[in-house]
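Engineer: Residue numbers (the numbering used here), protein chains in the order written: chain H, 52 to 306; chain E, 584 to 860; chain Y, 2 to 346.
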Amino acid sequence: MDLKLDGISHAYDATRVLNNIDFTIKAGQIICIIGPSGCGKSTLLRFIGGLERPTEGQVLQIGDPPAESLNPLTYIFQDFALLPWRTVRGNISLVLEDHGIRGTEADTIINDVLARTKLSDFGAALPKQLSGGMKQRVAIARALAVKPACLLMDEPLSALDSQTRELLMDDLVDLWLKEKYTACYVTHNLNEAVRLGHRVVVLSRRPGQVRDIVDIDIPLEDRLKHPALLQEKQDYLWNLMREEARAADLELLDA
Amino acid sequence: MPDLDTPTTVQTPSAAAVKPVPYRGGGFAPRPSRLVAPIFFVLLFSLWEAGSRFGWISPIVLPAPSEAFQAFMDLVNSGQLVLHLEASLMRLALGWVGGTVLGLAVGLAAGLFTLARGGIVPFVAAFFPIPKIALLPVFIIWFGIGEESKVATILFGTFFPTVIAVYGGVDNVDRGLIRMGQSFNLGWWSIVRKIILPGALPALLSGFRISASIAIILLVAAEMIGAEYGIGAYILLAGNLMAMDQLVAGVAILSLLGLSVSWLIGRAEKIFLRWRA
Amino acid sequence: MLKFNLGAMTRRSLFGALAGAVLASGFAGAAQADDKITIGALRFTSHAPSFIAYEKGYFKEEGLDVELKFFQAAQPVAVAIASGDIDFGVTAMTGGFFSLADKGAVKVIGGMMAEKQGFPGNVILASNAAYDAGLTTPADLKGKSWAMTQQGSSFHYMAGLIAEKNGFTTADMQLKALQKVGAMIGALKSGQVDAMAIVPHIAAGLVKGGAAKEIGRVQNLGDYQVTTIFTSTRNTEEKQDMVKRFMRAYSKGIADYLAVMGDQKKDPAATEAMVDLIHKYVYTDRPREKAAPSIKAGAVYLSEGAALNTKDIAAQLAWFQKNNLAPASLTLEKLVDTNFADTTN
Numbered sequence: 052m053d054l055k056l057d058g059i060s061h062a063y064d065a066t067r068v069l070n071n072i073d074f075t076i077k078a079g080q081i082i083c084i085i086g087p088s089g090c091g092k093s094t095l096l097r098f099i100g101g102l103e104r105p106t107e108g109q110v111l112q113i114g115d116p117p118a119e120s121l122n123p124l125t126y127i128f129q130d131f132a133l134l135p136w137r138t139v140r141g142n143i144s145l146v147l148e149d150h151g152i153r154g155t156e157a158d159t160i161i162n163d164v165l166a167r168t169k170l171s172d173f174g175a176a177l178p179k180q181l182s183g184g185m186k187q188r189v190a191i192a193r194a195l196a197v198k199p200a201c202l203l204m205d206e207p208l209s210a211l212d213s214q215t216r217e218l219l220m221d222d223l224v225d226l227w228l229k230e231k232y233t234a235c236y237v238t239h240n241l242n243e244a245v246r247l248g249h250r251v252v253v254l255s256r257r258p259g260q261v262r263d264i265v266d267i268d269i270p271l272e273d274r275l276k277h278p279a280l281l282q283e284k285q286d287y288l289w290n291l292m293r294e295e296a297r298a299a300d301l302e303l304l305d306a
Numbered sequence: 584m585p586d587l588d589t590p591t592t593v594q595t596p597s598a599a600a601v602k603p604v605p606y607r608g609g610g611f612a613p614r615p616s617r618l619v620a621p622i623f624f625v626l627l628f629s630l631w632e633a634g635s636r637f638g639w640i641s642p643i644v645l646p647a648p649s650e651a652f653q654a655f656m657d658l659v660n661s662g663q664l665v666l667h668l669e670a671s672l673m674r675l676a677l678g679w680v681g682g683t684v685l686g687l688a689v690g691l692a693a694g695l696f697t698l699a700r701g702g703i704v705p706f707v708a709a710f711f712p713i714p715k716i717a718l719l720p721v722f723i724i725w726f727g728i729g730e731e732s733k734v735a736t737i738l739f740g741t742f743f744p745t746v747i748a749v750y751g752g753v754d755n756v757d758r759g760l761i762r763m764g765q766s767f768n769l770g771w772w773s774i775v776r777k778i779i780l781p782g783a784l785p786a787l788l789s790g791f792r793i794s795a796s797i798a799i800i801l802l803v804a805a806e807m808i809g810a811e812y813g814i815g816a817y818i819l820l821a822g823n824l825m826a827m828d829q830l831v832a833g834v835a836i837l838s839l840l841g842l843s844v845s846w847l848i849g850r851a852e853k854i855f856l857r858w859r860a
Numbered sequence: 002m003l004k005f006n007l008g009a010m011t012r013r014s015l016f017g018a019l020a021g022a023v024l025a026s027g028f029a030g031a032a033q034a035d036d037k038i039t040i041g042a043l044r045f046t047s048h049a050p051s052f053i054a055y056e057k058g059y060f061k062e063e064g065l066d067v068e069l070k071f072f073q074a075a076q077p078v079a080v081a082i083a084s085g086d087i088d089f090g091v092t093a094m095t096g097g098f099f100s101l102a103d104k105g106a107v108k109v110i111g112g113m114m115a116e117k118q119g120f121p122g123n124v125i126l127a128s129n130a131a132y133d134a135g136l137t138t139p140a141d142l143k144g145k146s147w148a149m150t151q152q153g154s155s156f157h158y159m160a161g162l163i164a165e166k167n168g169f170t171t172a173d174m175q176l177k178a179l180q181k182v183g184a185m186i187g188a189l190k191s192g193q194v195d196a197m198a199i200v201p202h203i204a205a206g207l208v209k210g211g212a213a214k215e216i217g218r219v220q221n222l223g224d225y226q227v228t229t230i231f232t233s234t235r236n237t238e239e240k241q242d243m244v245k246r247f248m249r250a251y252s253k254g255i256a257d258y259l260a261v262m263g264d265q266k267k268d269p270a271a272t273e274a275m276v277d278l279i280h281k282y283v284y285t286d287r288p289r290e291k292a293a294p295s296i297k298a299g300a301v302y303l304s305e306g307a308a309l310n311t312k313d314i315a316a317q318l319a320w321f322q323k324n325n326l327a328p329a330s331l332t333l334e335k336l337v338d339t340n341f342a343d344t345t346n
């Protein structure tokens, strides 16, 4: 299943936030969306998952999601969004219960996703007992449990310290190599974009427009072996964004 | 010039006095202490008792604590305490549960639906501050002088703070969690039951703390109307008869009731909110 | 039930008596400045002698500089006298009053309102529903519900009077304490209680409006000293002269009241003048023409010369003690000081 963004524009009251965005998310690819703060990246992601509606344009699903997918468009949030009153297993079970999956069937799925995210020993822990990195792995496990056709990740690593971020990036790469999931990954961190993205969509400052779409051809597993090439891509992206970021920084938040 | 005469006043680093930086932290952090409260109470009661025994405190002003205790023991030994407690606890339980259930339903509606909020919030703001005692004559006409009017007094008293606690609690539930629920296609009722209600639980429990205290405060008012038994009726009678020892004993029972309720809710918070960081 | 450490009070009383004797002898010859006293009054027609004696200068004649302090209920008057804030008051015999007397704080010094045949007095009312169901005389009250303000109030005692007269006890009635006269009236009107007793002018209004039925009068049950004049124990011991002068002035007020209000047809002009005087204090929120009928209808009998029916007071005390509404240790001597007014019976 591919996703196509078709002429998306959006305005809050009189403020135009997004302007005529077009691109496609191809199955099995990770698309990174970068842009200066306030350019509407997260809003765009909410349109893609159907949590909000744009004032103009639409997001189209091309082809049907796989039959076994319980929740084709599944988010991973920056603040993890774990229910603090449920254990790790309970948080994963939450998203299965409404599909009528309980008991041993649920246990099988939960055990599987916990193993895939290396959390098997922490099923009974409460979120308050976990570090930020582990919380995000629980959120990823929860997302995997519903067999998504496309993962929608909203700055999933921004709330973490840099070491944890590195480790989790490795985990995401490993996971992609195994499962070849589709993802739309919003970030403001250029390093994450060049490490994880098959394709990087660069947005301008508000109102956000597509400045450029950059393909990165190096296979994900080889990227750390080519630091120079990666740095070159990152520098290129930074050059695109520098002026936008500076201008965005000077804007008043509510102006 | 003195400056020229005293070159030694210019201090070299080696000659500087060595001393620790002055400590400016500390304070502003009172810690709970298990010892202070009992000592304070024993001291207060000893002073009070002594004051009564030596005649510094007239028995018209205040009875000695030992007399109040004697009145309490009379109540225990005559078997009346059980009757009074039974009557009061029944009214408290019915009134509080009724007010809480209704308050939960109405508060949840105000927390979830625009239309309900528009109707309920100003209604609550208008009716919450009305002293329920002022409504007693109306309650007599509406509910009679039997148990109904007593339960209704407590029910009305607990209903409004519960509504406020519930919709305040619902408002404060992390919107991110609700969005998460929606993003996983959870049903509306699932979101209410599994995300909003548990998320509002801390506010609910502190609301219960307040509504339970209000229920106890209103017990005396509720038992003004034709009550034969009940702690409130006992206190009222003691007041009518100027029996200060019984009055103090009755008030102490209410106090103990309040402490028990507070302890119970404290336990509930420990059990149900252990997920809180 | 009520045990109090009275050591301090007794010591103080003893000292007070000595001091009083010294003061009395000291004052005998000297010209006196007016004694400042405070009277606790309620805005009822039955408190009229206070207003009459005040307005007509009877207190001044006795060298008393009187201040009237108004209260909403009788019990706070007793408390204020116990605390020494005011000097004289009028109250019904209630459980609270007995308790204060037992603590040595207050003493009855004269009689006020009494139930007397031929005068307006407390009326026993039945709700319409109960009346239709056969409650037509006080004797039918056995097993019926009875509204009163509080346990140990005069309404409670009236239930006791009715019960004893008719051979049963209040345990055979369902007593409903409703705290306020307004609540009692509401409960009777809506048929939630079967019966109650109430002052004549309120009863007249209820019966006339068809809200209730009269089934008897308290005065037909026998002697009943409803209210008494009382002061602090300290006044009876330390300021006997002042108390005597107060009682003289007050008795004049009672006499004036009885002469005019006791037979209102005898001298209509004097009656209207007295209604004017009373209206300065009672029903002040109503225009005179609306207040006058209530004032006239509420002209209950007040004991001549503030005479005290000690036999009835003793009977009341016994009833309250029997029902655990008064301290067992209270005696008639402790409750009443008979040095200031005549006693009857």
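By construction, the Cβ of each residue, glycine as well, lies at the ideal position given by its N, Cα and C atoms.
Can you tell me where the alpha helix (DSSP H) with ALA650 of chain E in it begins and where it stops?
Structural biologist: Here the question's residue 650 of chain E lines up with position 67 in the second sequence. The identity of residue 650 of chain E in the sequence shown is Glu, whereas the question assumes Ala. Unbroken alpha helix (DSSP H) run through GLU650 of chain E: 648-660.
Engineer: Can you tell me which of the three DSSP states PHE89 of chain Y falls into?
Structural biologist: Within the third sequence, the letter at position 88 stands for residue 89 of chain Y. It is a strand residue.
Engineer: Considering THR39 of chain Y, what are the terminal residues of the alpha helix (DSSP H) in which it resides?
Structural biologist: Here residue 39 of chain Y is taken as the residue at index 38 of the third sequence, counted from 1. Element bounds for THR39 of chain Y: not the alpha helix (DSSP H) but the beta strand (DSSP E), 36-43.
Engineer: For ARG250 of chain H, write down the residues that DSSP places opposite it in a beta bridge.
Structural biologist: In the first sequence, residue 250 of chain H corresponds to position 199, counting from 1. According to DSSP, ARG250 of chain H bridges with H:ILE82 and H:ASP266.
Engineer: Closer than 8 Å by C-beta to PRO105 of chain H: which residues in its own chain qualify, once you throw out the five before and the five after it? Chain order, please.
Structural biologist: Locating residue 105 of chain H in the first sequence gives position 54, where the first residue counts as 1. Same-chain partners within the cutoff: ILE59, SER60, HIS61, LEU69 and PHE98.
Engineer: For LYS104 of chain Y, go through chain E and note every residue whose CB falls closer than 7 Å to its CB, in chain order.
Structural biologist: One-based indexing of the third sequence puts residue 104 of chain Y at position 103. Those within 7 Å of LYS104 of chain Y in chain E are PRO642 and ILE643.
Engineer: Sort out for me which residues DSSP pairs ASN310 of chain Y with in a bridge.
Structural biologist: Within the third sequence, residue 310 of chain Y is the residue found at index 309, counting from 1. According to DSSP, which records beta bridges pairwise, ASN310 of chain Y is partnered with Y:THR345.
Engineer: List, from N- to C-terminal side, the alpha helix (DSSP H) runs of 4 residues or more that fit wholly inside the segment 80-141 of chain Y.
Structural biologist: Whole alpha helix (DSSP H) segments, 4+ residues: 96-103 and 129-133.
Engineer: Please report how far the alpha carbon of PHE791 of chain E lies from the alpha carbon of ILE643 of chain E, in whole angstroms.
Structural biologist: Here residue 791 of chain E refers to the residue found at position 208 when the second sequence is read from its first residue. Here residue 643 of chain E refers to the residue found at position 60 when the second sequence is read from its first residue. When rounded, the distance between both Cα atoms is 37 Å.
Engineer: Can you tell me which of H:GLU107, H:ILE82, H:LEU121 and H:LYS77 puts its alpha carbon nearest to the alpha carbon of ILE113 of chain H?
Structural biologist: By one-based count along the first sequence, residue 113 of chain H stands at place 62. Of the candidates H:GLU107, H:ILE82, H:LEU121 and H:LYS77, the one whose C-alpha sits nearest the C-alpha of ILE113 of chain H is H:LYS77.
Engineer: Going along chain E, which residues have a C-beta under 7 Å from LEU208 of chain H?
Structural biologist: Residue numbering aside, residue 208 of chain H sits at position 157 when the first sequence is read from its first letter. Under the 7 Å cutoff, chain E gives no residues; its nearest Cβ is about 17 Å from LEU208 of chain H.
Engineer: For GLY694 of chain E, name the three-state secondary structure that DSSP assigns.
Structural biologist: Against the second sequence, residue 694 of chain E aligns to sequence position 111. GLY694 of chain E falls in the helix class under three-state DSSP.
Engineer: When you compare only the Cα positions, how much space is there between ASP53 of chain H and VAL110 of chain H?
Structural biologist: Sequence index remark: in the first sequence, residue 53 of chain H carries index 2 (1-based). Sequence index remark: in the first sequence, residue 110 of chain H carries index 59 (1-based). About 10 Å.
Engineer: Along the segment 182-198 of chain Y, what residues have a CB closer than 8 Å to any CB found in chain E?
Structural biologist: Residues passing the 8 Å Cβ filter: GLY183, ALA184, GLY187, ALA188, SER191, GLN193 and VAL194.
Engineer: Span of the alpha helix (DSSP H) holding LEU333 of chain Y?
Structural biologist: For the purposes of this step, residue 333 of chain Y is identified with residue 332 of the third sequence, where counting begins at 1. LEU333 of chain Y -> alpha helix (DSSP H) spans 333-336.
Engineer: Are any of the Cβ atoms in chain E nearer than 8 Å to that of GLY17 of chain Y?
Structural biologist: The residue given as residue 17 of chain Y occupies position 16 in the third sequence. A caution first: GLY17 of chain Y carries a pLDDT of 42, below 50, which makes its placement in the model too unreliable to give a value.
Engineer: What do you get for GLY187 of chain Y, buried or exposed, if any count of 16 or more other CB atoms within 10 angstroms of its CB means buried?
Structural biologist: On the third sequence, position 186 is the one that residue 187 of chain Y refers to. Under this definition GLY187 of chain Y is a buried residue.
Engineer: Who are LEU111 of chain H's beta bridge partners in DSSP?
Structural biologist: Translated into positions along the first sequence, residue 111 of chain H becomes position 60. Answer is H:LYS55, bridged to LEU111 of chain H.
Engineer: How would you write the range of the alpha helix (DSSP H) that ASP205 of chain H sits in, first residue to last?
Structural biologist: Mapped onto the first sequence, residue 205 of chain H falls at position 154. ASP205 of chain H -> not in any alpha helix (DSSP H); beta strand (DSSP E) instead, spanning 201-205.
Engineer: Compute the Euclidean distance between the alpha carbons of SER88 of chain H and LEU228 of chain H, then round it to the nearest angstrom.
Structural biologist: Within the first sequence, the letter at position 37 stands for residue 88 of chain H. Within the first sequence, the letter at position 177 stands for residue 228 of chain H. Their backbone Cα atoms lie some 30 Å apart in a straight line.
Engineer: Which residues does DSSP list as the beta-bridge partners of TYR225 of chain Y?
Structural biologist: Here residue 225 of chain Y refers to the residue found at position 224 when the third sequence is read from its first residue. BP columns for TYR225 of chain Y point to Y:GLU116.
Engineer: Contact criterion: CB-CB distance below 8 Å. Does ALA132 of chain H meet it with respect to chain E?
Structural biologist: The residue you call residue 132 of chain H lines up with position 81 of the first sequence. With 8 Å as the cut-off, ALA132 of chain H counts as an interface residue toward chain E.
Engineer: What is the C-beta distance between TYR132 of chain Y and LYS214 of chain Y, in whole angstroms, given that I count them as a contact (C-beta under 8 Å)?
Structural biologist: By one-based count along the third sequence, residue 132 of chain Y stands at place 131. By one-based count along the third sequence, residue 214 of chain Y stands at place 213. Going by Cβ atoms, the distance from TYR132 of chain Y to LYS214 of chain Y rounds to 4 Å, so yes, they are a contact pair.
Engineer: Please state whether DSSP places GLY259 of chain H in a helix, a strand or coil.
Structural biologist: Along the first sequence, one-based indexing puts residue 259 of chain H at 208. In the structure shown, GLY259 of chain H sits in a strand (DSSP, three-state: E or B).
Engineer: By DSSP, does ARG287 of chain Y sit in helix, in strand, or in coil?
Structural biologist: Position 286 of the third sequence, counting from 1, holds the residue named residue 287 of chain Y. In the structure shown, ARG287 of chain Y sits in coil (DSSP, three-state: anything other than H, G, I, E or B).
Engineer: Only counting the same chain, and skipping five residues up and downstream in sequence, which positions put a Cβ closer than 7 Å to that of TYR126 of chain H?
Structural biologist: Mapped onto the first sequence, residue 126 of chain H falls at position 75. So the qualifying residues of the chain are GLY100, LEU203 and ASP205.
Engineer: Considering only their Cβ atoms, is the gap separating ALA783 of chain E from VAL746 of chain E smaller than 8 Å?
Structural biologist: As a first step, residue 746 of chain E is located in the second sequence; it is residue number 163 there, counting from the start. As a first step, residue 783 of chain E is located in the second sequence; it is residue number 200 there, counting from the start. No, the Cβ-Cβ distance between VAL746 of chain E and ALA783 of chain E is not below 8 Å.
Engineer: Quick check on TRP289 of chain H: does DSSP put it in helix, strand or coil?
Structural biologist: For this step, residue 289 of chain H is matched to residue 238 along the first sequence. In this structure, TRP289 of chain H counts as helix in the three-state DSSP scheme.
Engineer: Select from the segment 214-237 of chain Y all residues with a C-beta closer than 7 Å to any C-beta belonging to chain E, and list them in chain order.
Structural biologist: Those residues of the segment 214-237 of chain Y that come within reach of chain E (Cβ to Cβ, closer than 7 Å) do not exist; the list is empty.
Engineer: How do the segment 606-619 of chain E and the segment 786-804 of chain E stand: do at least 3 beta-carbon pairs fall below 8 Å, yes or no?
Structural biologist: The answer is no - the segment 786-804 of chain E does not touch the segment 606-619 of chain E, with fewer than three Cβ pairs under 8 Å.
Engineer: With 16 as the cutoff for other CB atoms within 10 Å, does VAL23 of chain Y come out buried or exposed?
Structural biologist: The count along the third sequence starts at 1 and reaches residue 23 of chain Y at position 22. Note that VAL23 of chain Y scores a pLDDT of 40, beneath 50, so its modelled location is shaky and nothing firm can be said.
Engineer: Would PHE173 of chain H pass as an interface residue toward chain E - the criterion being a Cβ-Cβ separation below 8 Å?
Structural biologist: To locate residue 173 of chain H, count along the first sequence from 1; it is residue 122. No, PHE173 of chain H lies away from the interface with chain E (no Cβ there is under 8 Å from its Cβ).
Engineer: Check for me: the alpha helix (DSSP H) holding ILE723 of chain E runs from which residue to which?
Structural biologist: The count along the second sequence starts at 1 and reaches residue 723 of chain E at position 140. 719-726 is the span of the alpha helix (DSSP H), which, as asked, contains ILE723 of chain E.
Engineer: To the nearest angstrom, how far is the alpha carbon of ARG246 of chain H from that of ALA860 of chain E?
Structural biologist: The count along the first sequence starts at 1 and reaches residue 246 of chain H at position 195. The count along the second sequence starts at 1 and reaches residue 860 of chain E at position 277. Roughly 34 Å separates the two Cα atoms.
Engineer: Compute the beta-carbon to beta-carbon distance between PHE341 of chain Y and LYS281 of chain Y, rounded to the nearest angstrom, for a pair I have assumed lies under 8 Å.
Structural biologist: Along the third sequence, one-based indexing puts residue 341 of chain Y at 340. Along the third sequence, one-based indexing puts residue 281 of chain Y at 280. That belief does not hold up - the Cβ atoms of PHE341 of chain Y and LYS281 of chain Y are roughly 28 Å apart, past 8 Å.
Engineer: For TYR126 of chain H, which three-state DSSP category applies?
Structural biologist: One-based indexing of the first sequence puts residue 126 of chain H at position 75. Note: TYR126 of chain H maps to strand in three-state DSSP.
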